[in-house]
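Q: Quick note on the working numbering: the sequence shown kicks off at 4 and runs consecutively.
Below is a structure I'd like to ask you about.
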Amino acid sequence: MNIAVLIKQVPVSNKVSVDSDTHALIRASAEGMINPSDLNAIEAALSLRDQQGGKVVVFTMGPPQAEASLREAMAIGCDEACLITDRAFGRADTLATARVLAKAVEYYGNFNLIACGALSSDGATGQVGAMVAEALDIPHASEIRSILHMLADNHQIEVLKDLEQQTYTLLVDLPALVTFQFGCNEPRLATLRSTRAAKNKPMLTVTNAELKIPSELIGAEGSPSRVIDSWEPQDGRKAEMINGNEIELAQKLRALLAKGDEA
4 MNIAVLIKQV PVSNKVSVDS DTHALIRASA EGMINPSDLN AIEAALSLRD
54 QQGGKVVVFT MGPPQAEASL REAMAIGCDE ACLITDRAFG RADTLATARV
104 LAKAVEYYGN FNLIACGALS SDGATGQVGA MVAEALDIPH ASEIRSILHM
154 LADNHQIEVL KDLEQQTYTL LVDLPALVTF QFGCNEPRLA TLRSTRAAKN
204 KPMLTVTNAE LKIPSELIGA EGSPSRVIDS WEPQDGRKAE MINGNEIELA
254 QKLRALLAKG DEA
């Protein structure tokens, strides 16, 4: 059972710089971490590998600094990694990003399953997973809660999905792509030993020299959507911690609300 996991390196906090000309995040200057729901995808992939055998390969597209997130994923338990990095991929929207990810997965090898988080903490479009599946011409199931079973000689998976306050069980033919809800499982943690071992696990770096995607399909040129403006909130509101017993908290809260009404 060979599984590809697509992850995104997102800013650790919302204090990031924005390019005044392109209105895009300046990711090279921001501290990054693995997107939270991608950690849930990694955990699901590792659990399935532990049951079925095979390997888990983690992919990300980004600047060279994104290698840190790949090493972290391998410290958690992924077997191999692929860093997709090229200035030609910069300023890509979700469609151009999906094209590159799909091509990189094809370039790397054959996979029974592709997994990723349903939403990213910085953009939260929920589009990339489905677009990758369409680019690869494979089935996909979005925002699932878990993989229940492997069926039909490993040619199908049974997954659990929540939709409009109902829970559904879906059968998905393999190969397929699935995206996982944030918080659907408890991601495992790296240990000191696994972190050291991750430094020696194989990592492939690919650029468009290997993928050979036409320039009109990648980066800004291949992106049909544009960010035309961006701004930072200027309201200057602050948070205040209040302490006390139930009665004291109620009195303080009432005073704060009254103060707000007067303002």
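Heads up, the beta-carbon is just placed ideally off N, CA and C, and yes, glycines get one too.
A quick note: this is a predicted structure, and the numbers were derived from the prediction, not measured.
Do Val209 and Ala118 have their C-beta atoms closer together than 7 Å?
A: In the sequence shown, counting from the first residue as 1, residue 209 sits at position 206. In the sequence shown, counting from the first residue as 1, residue 118 sits at position 115. Result no, Cβ atoms of Val209 and Ala118 do not sit closer than 7 Å.
Q: What would DSSP say about Arg229, mapped onto helix, strand or coil?
A: Residue mapping note: residue 229 aligns to position 226 of the sequence shown, counting from 1. Three-state result, Arg229: coil.
Q: Does Met153 come out as helix, strand or coil in the three-state DSSP assignment?
A: Numbered from 1 along the sequence shown, position 150 holds the residue referred to as residue 153. DSSP places Met153 in strand when its eight states are reduced to three.
Q: Evaluate Met134 with the Cβ neighbour count: other Cβ atoms within 10 Å of its Cβ, from every protein chain shown; 16 or more gives buried, anything less gives exposed.
A: Translated into positions along the sequence shown, residue 134 becomes position 131. Flag for Met134 reads buried.
Q: Answer with yes or no whether the minimum CB distance from Ala127 to chain C is below 7 Å.
A: Annotation note: the requested chain C is absent from the structure, which comprises a single protein chain.
Q: Within the chosen definition, does the stretch 88 to 100 reach the stretch 41 to 48 through at least 3 CB pairs nearer than 8 Å?
A: no
Q: If you draw a straight line from the C-alpha of Met36 to the C-alpha of Gln169, how long is it?
A: As a position in the sequence shown, residue 36 is number 33, starting the count at 1. As a position in the sequence shown, residue 169 is number 166, starting the count at 1. Whole-angstrom Cα-Cα distance: 32 Å.
Q: Hey, could you find the ends of the beta strand (DSSP E) Leu104 is sitting in?
A: Residue 104 sits at position 101 when you count from the first residue of the sequence shown. Here Leu104 belongs to no beta strand (DSSP E); instead the alpha helix (DSSP H) covers 97 to 111.
Q: Less than 6 Å between C-beta atoms, sequence neighbours within five positions excluded: which residues of the same chain meet that for Leu220?
A: Against the sequence shown, residue 220 aligns to sequence position 217. Closer than 6 Å at the Cβ level, and outside the excluded window around Leu220, lie Arg102.
Q: Identify the residues that DSSP records as bridge partners of His143: which are they?
A: Walking along the sequence shown from the start, residue 143 turns up at place 140. His143 is bridged to Leu180.
Q: With burial defined as no fewer than 16 other Cβ atoms inside 10 Å of the residue's Cβ, what is the status of Ala44: buried or exposed?
A: In the sequence shown, the residue the question calls residue 44 occupies position 41. Result: buried.
Q: Tell me, please, whether the stretch 238 to 257 touches the stretch 112 to 130 by the rule of three or more beta-carbon pairs shorter than 8 Å.
A: no
Q: Tell me where the alpha helix (DSSP H) around Asp41 begins and ends.
A: To locate residue 41, count along the sequence shown from 1; it is residue 38. Its alpha helix (DSSP H) spans residues 39 to 55.
Q: In its own chain, which residues sit with a C-beta less than 8 Å from the C-beta of Leu207, not counting the 5 before and 5 after it?
A: Stepping through the sequence shown from its first residue, residue 207 is reached at position 204. Answer for Leu207: Glu83, Ala84, Cys85, Leu86, Tyr111, listed in chain order.
Q: Identify, in the order they occur along the chain, each residue of the same chain with its Cβ nearer than 6 Å to the Cβ of Leu139, setting aside the five sequence neighbours on each side.
A: Position 136 of the sequence shown, counted from the start, is the residue given in the question as residue 139. Within the same chain, Leu139 has close Cβ partners Ala105.
Q: Throw me the rounded Cβ distance for the Gly222 and Phe92 pair, which I believe falls under 8 Å.
A: Position 219 of the sequence shown holds residue 222. Position 89 of the sequence shown holds residue 92. Contact holds; Cβ gap of about 6 Å.
Q: Would you kindly work out how many angstroms separate the C-alpha atoms of Gly56 and Ile250, rounded to a whole number?
A: If you number the sequence shown from 1, residue 56 lands on position 53. If you number the sequence shown from 1, residue 250 lands on position 247. Taking the straight line from one Cα to the other gives about 57 Å.
Q: Going by C-alpha to C-alpha distance, which of Val61, Ala69, Met77, Glu243 sits closest to Val15?
A: Here residue 15 refers to the residue found at position 12 of the sequence shown. If we check each option's Cα against that of Val15, Ala69 comes out closest.
Q: Out of Leu166, Pro66, Ala144, state which residue places its alpha-carbon closest to the alpha-carbon of Val13.
A: Numbered from 1 along the sequence shown, position 10 holds the residue referred to as residue 13. The shortest Cα separation from Val13 among Leu166, Pro66, Ala144 belongs to Pro66.
Q: Spell out the partners DSSP gives Ile117 in its beta bridges.
A: Numbered from 1 along the sequence shown, position 114 holds the residue referred to as residue 117. DSSP lists Ala7, Leu180 as partners of Ile117.
Q: Roughly how far, in whole angstroms, is the beta-carbon of Phe114 from the beta-carbon of Ile147, given that I think they are within contact range, below 8 Å?
A: What you label residue 114 is simply residue 111 of the sequence shown in a count that begins at 1. What you label residue 147 is simply residue 144 of the sequence shown in a count that begins at 1. Between Ile147 and Phe114 the Cβ distance is about 17 Å, and since that is not below 8 Å, they are no contact.
Q: Less than 7 Å between C-beta atoms, sequence neighbours within five positions excluded: which residues of the same chain meet that for Pro178?
A: Position 175 of the sequence shown, counted from the first residue, corresponds to residue 178. Result list for Pro178: Phe114, Asn115, Leu116, Ile141, in chain order.
Q: Could you check the C-alpha separation between Ala354 and Arg74 for me, to the nearest Å?
A: This structure leaves residue 354 out entirely; the chain is present only between 4 and 266.
Q: Taking the alpha-carbon positions, what's the Ala258 to Leu252 distance?
A: Working through the sequence shown from its first residue, we reach residue 258 at position 255. Working through the sequence shown from its first residue, we reach residue 252 at position 249. Their backbone Cα atoms lie some 10 Å apart in a straight line.
Q: Label Thr194 either buried or exposed according to how many other C-beta atoms from any shown protein chain fall within 10 Å of its C-beta, with 16 as the threshold for buried.
A: Locating residue 194 in the sequence shown gives position 191, where the first residue counts as 1. Counting Cβ neighbours within 10 Å, Thr194 comes out exposed, since fewer than 16 surround it.
Q: Suppose contacts are defined by Cβ-Cβ distances below 7 Å. Is Asp41 in contact with Ile10 by that definition?
A: Taking the first residue of the sequence shown as position 1, residue 41 is located at position 38. Taking the first residue of the sequence shown as position 1, residue 10 is located at position 7. Yes; because the gap between Cβ atoms is below 7 Å, this pair is in contact.
Q: So, helix, strand or coil for Phe62, using DSSP?
A: Locating residue 62 in the sequence shown gives position 59, where the first residue counts as 1. Looking at Phe62 - three-state DSSP - the assignment turns out to be strand.
Q: Would you identify the three-state DSSP class for Ala76, choosing helix, strand or coil?
A: As a working note, residue 76 is residue 73 in the sequence shown. In the structure shown, Ala76 sits in a helix (DSSP, three-state: H, G or I).
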